[in-house]
Amino acid sequence: MSQKLLRSIPFRFMQWKFGLRGASAATEVALCEKLVKTIDETPKIDKAVVLAFDAVHDDAGRFDADNTHLYVTNSYVMEVVAKHPRTLFGASVHPYRKDALEELERCIKGGAVLLKWLPMVQGFNPADPRCFPFYEMLAHYKLPLLSHTGAENSLPVLDYSTADPKLLIPALDRGVTVIAAHCGTRLWPSEPDFLPDFIRMAKEYEHLYGDTAALNLPMRWKAFDAIFEDETLRSKIVHGSDWPIVPVAYVGRLGVGESLQLMAESNWLKRDVLIKHRLGFDDAYWQRAAKVLGLSE
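To convert, take the position in the sequence shown, counting from 1, and add 55; that gives our numbering.
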């Protein structure tokens, strides 16, 4: 973790919540233990995907230390999930790195159930032709791609334009199953809103899904309205938590009294699940991620 990340207000809030200090190895162990305990205490969650996060690489495929503020290696996550049976391996490979295909294949052999990208933080364009061989391999191995779309406020952003879900069309055209994290939603009125683009694409592309990660934030609540008003769109949504981002109950749909009751739950992962359950997400929603990830028939 970089010093810039440690100064991030959302990150500092998370540290305070969990009683963590700095970026030491002890802090990493404590956070991992907190995650596992949180999963064990949360209903409706049989398994949870633990995500790696690859470093920034420049146009020549070299590791870019100056712009890398968070780096969680695939090897580290493999070690974590090997110890905890309720966790699954979510790999992350920067498509510009010189050994991208080799690392992707290593992760697939290591049991990855999806590939995680955050292009505007990791510094690449998903529509760049350099990504196309990567897509061919993902499609061949039927490994879903979880790619961030819409606003990002927890990590330093290098290029906001790469938050556009339309940049994922080359992956979809090559047969990749894509999960658009956050459904393209924005955080502030001054930011581009990609939610309408996501909705249109979700209906157009059979293998495009969106997740509900961080939708329990007031600035993203309107996505719930769109989801519950459209049965077709609702069938393309999978569960995501964005833990350890704090979930906030949607007062407009749940009312003040019920929202206050839900906010009293101190386990943020459990609170996120309870809010979505009260909002009305059905059994198909809770089971859809397993199907998309190829974990069930």
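Glycine included, C-beta positions come from ideal geometry on N, C-alpha and C.
For LYS171, does the count of other Cβ atoms within 10 angstroms reach 16, so buried, or fall short, so exposed? buried
Quick one: what does DSSP say TRP276 is sitting in, helix, strand or coil? coil
In the structure shown, what three-state DSSP assignment does SER130 receive? helix
Kindly indicate which three-state DSSP category ASP266 falls into: helix, strand or coil? strand
By DSSP, does ALA107 sit in helix, in strand, or in coil? coil
Using only alpha-carbon positions, find the residue among LEU156, ASP248, ASP327, ILE292 that is nearest to GLU191. LEU156
When you compare each of GLY335, ASP297, LEU315 to ALA103 by their alpha carbons, which one comes out closest? ASP297
Using a Cβ-Cβ cutoff of less than 7 angstroms, which residues in the same chain neighbour VAL328 once the five nearest sequence positions on both sides are dropped? THR97, PRO98, LYS99, ILE100
Counting C-beta neighbours from all protein chains within 10 Å, is the total for TRP243 16 or more, i.e. buried, or is it exposed? exposed
Starting from ALA194 and walking both ways along the alpha helix (DSSP H), at which residues does that stretch end? 187-196
Determine the contact status of THR54 and PRO184, defining contact as a CB-CB distance below 8 angstroms. The displayed coordinates of the chain run from 56 to 352. Any statement about residue 54 would go beyond what the structure contains.
The region 211-219 / the region 126-146 touching (three or more Cβ pairs under 8 angstroms): no
Endpoints, alpha helix (DSSP H) assigned at ALA319: Element bounds for ALA319: n/a, residue is neither H nor E.
Could you pull the start and end residues of the alpha helix (DSSP H) that LYS23 belongs to? Only positions 56 to 352 of the chain appear in this structure, which leaves residue 23 out of reach.
Measure the C-alpha to C-alpha separation of TRP332 and ARG308 and round it to an integer number of angstroms. The sequence as given places His at residue 332; Trp does not occur at that position. About 12 angstroms.
Which runs of the alpha helix (DSSP H), 4 residues or longer, sit entirely within the region 171-244? 174-177, 187-196, 224-228
What does the alpha-carbon distance come out to for the pair LEU193 and GLU160? 9 angstroms
Suppose contacts are defined by Cβ-Cβ distances below 8 angstroms. Is LYS291 in contact with GLY310 by that definition? no
Opposite LEU90 in the DSSP bridges: which residues? LEU90 is not bridged to any residue.
With a threshold of 16 other CB atoms inside 10 Å of the CB of ASP280, please say whether the residue is buried or exposed. exposed
Going by Cα to Cα distance, which pick from ASP109, ALA319, LEU324 is closest to TYR131? ASP109
I think ARG343 touches VAL293, with their Cβ atoms under 8 angstroms apart; what is that distance to the nearest whole Å? 5 angstroms
Proximity of GLY230 and THR267 at Cβ, strictly below 8 angstroms: no
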